Amino acid sequence: MHYAFHFNVVWDHWRELAEGAWLTIELSSLAMVIGLALATVCAYAKATGPAAVRWTIAAYVEVIRNTPFLVQIFIIYFSLPALGISVDANAAALAAMVVNFGAYGTEILRSGIESVAHGQIDAARALGLTRLQTFRHVVLFPALKTVFPALASQFILLMLASSVVSAISAVELTAVTNSLQSTTFRPFEFYFVATGLYLAMALGFRAIFGAIYWSVFMHGQRS
Amino acid sequence: MNRSFGLSEFIYLLAALRWTLLLSLIAFVGGGLVGFVIAILRTTNSRVLRLLTVGYIQLFQGTPVLMQLFLFYYGLAVLYNMQVDAWPAVALAFTLYAGAFLGEIWRGSIQAIPRTQWEASACLSLSYIQQLRFVILPQAMRLSIPPTVGFLVQLVKGTSIAAIIGFVELTRAGQLIVNVTFQPMIVYPIVAALYFAVCWPLSLFSRTLERRIDADLGIKRHL
Chain H
978 MHYAFHFNVV WDHWRELAEG AWLTIELSSL AMVIGLALAT VCAYAKATGP AAVRWTIAAY
1038 VEVIRNTPFL VQIFIIYFSL PALGISVDAN AAALAAMVVN FGAYGTEILR SGIESVAHGQ
1098 IDAARALGLT RLQTFRHVVL FPALKTVFPA LASQFILLML ASSVVSAISA VELTAVTNSL
1158 QSTTFRPFEF YFVATGLYLA MALGFRAIFG AIYWSVFMHG QRS
Chain S
9 MNRSFGLSEF IYLLAALRWT LLLSLIAFVG GGLVGFVIAI LRTTNSRVLR LLTVGYIQLF
69 QGTPVLMQLF LFYYGLAVLY NMQVDAWPAV ALAFTLYAGA FLGEIWRGSI QAIPRTQWEA
129 SACLSLSYIQ QLRFVILPQA MRLSIPPTVG FLVQLVKGTS IAAIIGFVEL TRAGQLIVNV
189 TFQPMIVYPI VAALYFAVCW PLSLFSRTLE RRIDADLGIK RHL
């Protein structure tokens, strides 16, 4: 091995890398917020809608969960323009991430809603609570508690998977790293540091979500 | 003159699916060996071994697969002072990636076996290896099969990312066909359908096995 590592080149570009990391966080967070709204609608429709709606949503969830994210991106970015729906790379990346998160989120929320024992709902109704009150005071909190960890890890998976959108040259950390390494000819050093940044973001988010979970759901509870 | 998507292009995609499956198989077998060692080490009493294996799992689960691929690809190039073929880098990266996930899944299965099983087999004066071999692993194996099959789906989908560093498997083959036919609206949905044809049966199989084990253990789940 006769290779001299030059990490000082990477250090010279720390500002671009930090901006790239921030773009990744922005893109993932935005995708999660919109994706969660989509998932909520789908989970609700799947629980209460007519058979045709339920089947459509089930098909959506199965198709997304059993095909690669990269191919989903290609379909949105390259195939849809043929139907006259043309979007730029960043919008296509966001759309792909929303569609992807929406499918996994639907499954997670469904399991959360179903985890609330039916007897609890019956009891609340028998006590004269309205449907909305039952949902607000009896169903919502335990359901959120059940799904929170799963949603948190799904968000981290989404953030890590977002590196793949660099393949259609949407701008985020991986794309920034790609362009930096191609002008400096130091691929290993740049990817090494970018990997470290992703790891730091993943661990950081895990810690933040853990703290939120603990303070919201475990507060004052002995378990 | 443009080629259009026809039978020979479809056959080309099918032939490329072979590389997707072969890569998945290599990663699964290699990752299985790594994961087995990781799972065993993580359940030992040695603090150092546990910390090392936790670190390994965190590293591979907390960073994007694409970054792992880049690091192995350029890392091997640095090591051998030349541009290497994509095959060894891709195979090595996916093996270690699979090893981290399988290790974590199997650790969970081993730890799901009640403590009393260890104690009872120790009382029968079985050695540590014998306890694992005859008492713990046969039970843990049964529990581990559904999530392992589930991970296989994730692995097959994940190998699509190898397309980004130019490894020709199904997704890369789809890109190549699009480059000559200019028909992304036909090619990418077919690529997605081929992945679906592989992954969906595996997903269904995993769910069936899970339900069967739940039924045997007397766990009622809403499905």
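If you're matching them up, the sequences are chains H and S in order. Quick note on this note's numbering: the first sequence kicks off at 978 and runs consecutively. Quick note on this note's numbering: the second sequence kicks off at 9 and runs consecutively. Built from N, CA and C at the ideal position, the CB exists for glycine as well. The model shown is predicted, which means the values in this text are computed figures rather than measured ones.
Chain-ordered neighbours of residue i on chain H, where CB pairs are closer than 8 Å
i	result
S:T52	Within 8 Å Cβ-Cβ: nothing; S:T52 doesn't reach chain H, min ~25 Å.
S:W208	E1039, N1043
S:Y82	P1164, F1165, Y1168
Residues near residue i by beta carbon distance below 7 Å, same chain, minus five either side
i	result
H:S1200	A caution first: H:S1200 carries a pLDDT of 47, below 50, which makes its placement in the model unreliable, though a value can still be read off. If we look at H:S1200 and ignore the five residues flanking it on each side, it has no Cβ neighbours.
S:V73	Y105, G166, I169
S:T51	R115, I118, Q119
H:V1038	A1080, T1083, E1084
Helix, strand or coil at residue i [DSSP, three-state]
i	result
H:N1077	helix
H:H1196	coil
H:P1045	coil
H:L1104	coil
H:S1092	helix
H:E1003	helix
S:M90	coil
H:Q1110	helix
S:I121	coil
S:L74	helix
S:P192	helix
S:F175	coil
S:G166	helix
H:P1126	helix
H:F1162	coil
S:L231	Residue placement at S:L231 cannot be trusted, given a pLDDT of 43 that sits under 50; what the coordinates show is reported in the next sentence. In the structure shown, S:L231 sits in coil (DSSP, three-state: anything other than H, G, I, E or B).
H:Y980	coil
S:N53	coil
Candidates the options, of which the one nearest residue i by Cα
i	options	result
S:L141	S:I48, S:G107, S:R11, S:G43	Looking at the sequence shown, residue 141 of chain S is not Leu but Arg. Looking at the Cα atoms, S:I48 is the closest of the given residues.
H:L1000	H:F1182, H:T1151, H:A1184, H:N1155	H:T1151
S:V42	S:R55, S:F204, S:T103	S:T103
H:L1135	H:A1022, H:A995, H:P1058, H:A1072	H:A1072
S:L225	S:N187, S:Q147, S:P192	S:Q147
H:W1191	H:S1159, H:S1006, H:F1165, H:L1121	H:L1121
H:S1130	H:I1185, H:N1155, H:V1148, H:V1142	H:I1185
S:S214	S:T156, S:I34, S:M90, S:S129	S:T156
H:P1119	H:F1194, H:G1026, H:S1139	H:F1194
Under 8 Å from the C-beta of residue i: neighbouring residues of chain S
i	result
H:L1071	Those within 8 Å of H:L1071 in chain S number zero; the least Cβ separation is about 17 Å.
H:V1148	Those do not exist, as H:V1148 stays about 15 Å from chain S at its closest Cβ, beyond 8 Å.
Cβ-based neighbour list, residue i, same chain, cut-off 6 Å, excluding 5 preceding and 5 following
i	result
H:V1115	Q1097, A1101
S:R180	A171
H:T1123	G1089, S1092
H:V1153	E993, G997
Under 7 Å from the C-beta of residue i: neighbouring residues of chain S
i	result
H:V1153	Here the premise fails: no neighbours, minimum Cβ distance about 13 Å.
H:T1111	Chain S residues near H:T1111: none, gap ~18 Å exceeds 7 Å.
7 Å Cβ cut-off: residues of chain H touching residue i
i	result
S:A200	T1044, V1048, I1052
S:P146	Simply none; closest approach about 30 Å.
Proximal chain S residues relative to residue i, where beta-carbon distance stays under 9 Å
i	result
H:V1141	P72, V73, L74, S168, I169, I172
H:A1144	L74, I169, A171, I172
Beta-carbon neighbours of residue i, restricted to chain H and to distances below 9 Å
i	result
S:V161	R1042, N1043
Contacting residues, own chain, Cβ-Cβ under 8 Å from residue i (five flanking each side not counted)
i	result
S:L29	V164, V206
S:G111	V42, G43, F44, V45, I46, A47, R50, T61, Y64, I65
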